[in-house]
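Everything below concerns the one structure shown next.
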Amino acid sequence: MKRRIAREMAVQSLYQLEMTDVTPEQAVDMIVSESNQEENEIGLKPEHARAMHEHVLEWVRDTWKKRDEIDALLARYLKGWQVDRLSRVDRQVLRLACYEMAFRTDVPPKVAINEAIILSKHFGSEESGKFVNGVLGQMLRDRSRQPDGADASPGASASGSAHSDNDEPADGPALDSELRG
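Structure (structure tokens):
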């Protein structure tokens, strides 16, 4: 499975959740249904879209369920901004990346940041990539300064599966311990 495409679908689903009165399941179903069309925005074959459904749904359901906790964490790193004042796209990209960094063990933090930058450039404004990089980069730097055993995250857990080859960082192996203290 290509995680970048799954992340694109997750961001689109989170956006749907914020804009409409639907459940996470309905939001993901809408995005997967659009991806099942012969011609879709992300160039995904219909059979691959269906195969990603459960993975995307897990990310969306968990991110949406933990959004208050995620927003509180993000708020600590937004200089001169409030979470609710961010563009809807930037907010969803940051929420998904923060969820991956704080609550998943199968995604190295540097990968989550890199993917968030790519998503924000794709879906957001001209300045979104720099903004997302600044927020998430500061979050990672602060967490890497935590003493051993300390955890600044709202609740890092052992959720997730084995690390995927599709998520190798471009600059070498990232240390999960950087995020978890």
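Position in the sequence shown (from 1) plus 39 gives the number in the numbering used here. Heads up, the beta-carbon is just placed ideally off N, CA and C, and yes, glycines get one too.
Check	Outcome
Tell me the residue span of the alpha helix (DSSP H) that contains K149.	P148 to F162
Write down every uninterrupted run of the alpha helix (DSSP H) in the segment 47 to 135 whose length is 4 residues or greater and which is fully enclosed by it, in chain order.	63 to 74, 85 to 104 and 106 to 114
If we call anything under 7 Å between Cβ atoms a contact, is L158 one with V132?	yes
Measuring alpha carbon to alpha carbon, tell me which residue in D129, H87, Y138 and V95 is nearest R106.	Y138
In three-state terms, what does DSSP make of E166?	coil
Taking the Cβ atom as the reference point for each residue, do P63 and R100 lie within a distance shorter than 7 Å?	yes
So, for F170: in the same chain, excluding its five sequence neighbours on each side, which residues have a beta-carbon less than 7 Å away from its beta-carbon?	D129
For A151 versus A141, is the C-beta distance shorter than 7 Å?	no
Is G173 buried or exposed, if buried means 16 or more other CB atoms sit within 10 Å of its CB?	exposed
Once DSSP output is grouped into helix, strand and coil, what is the label at D145?	coil
Helix, strand or coil for R184 per DSSP?	coil
Please check the pair R127 and E57, which I expect to be a contact at CB under 8 Å, by giving their CB distance rounded to whole angstroms.	6 Å
Would you mind working out which of E47, G163, G176 and L112 sits nearest W98, comparing C-alpha positions?	E47
In or out: R42 buried (at least 16 other Cβ within 10 Å) or exposed?	buried
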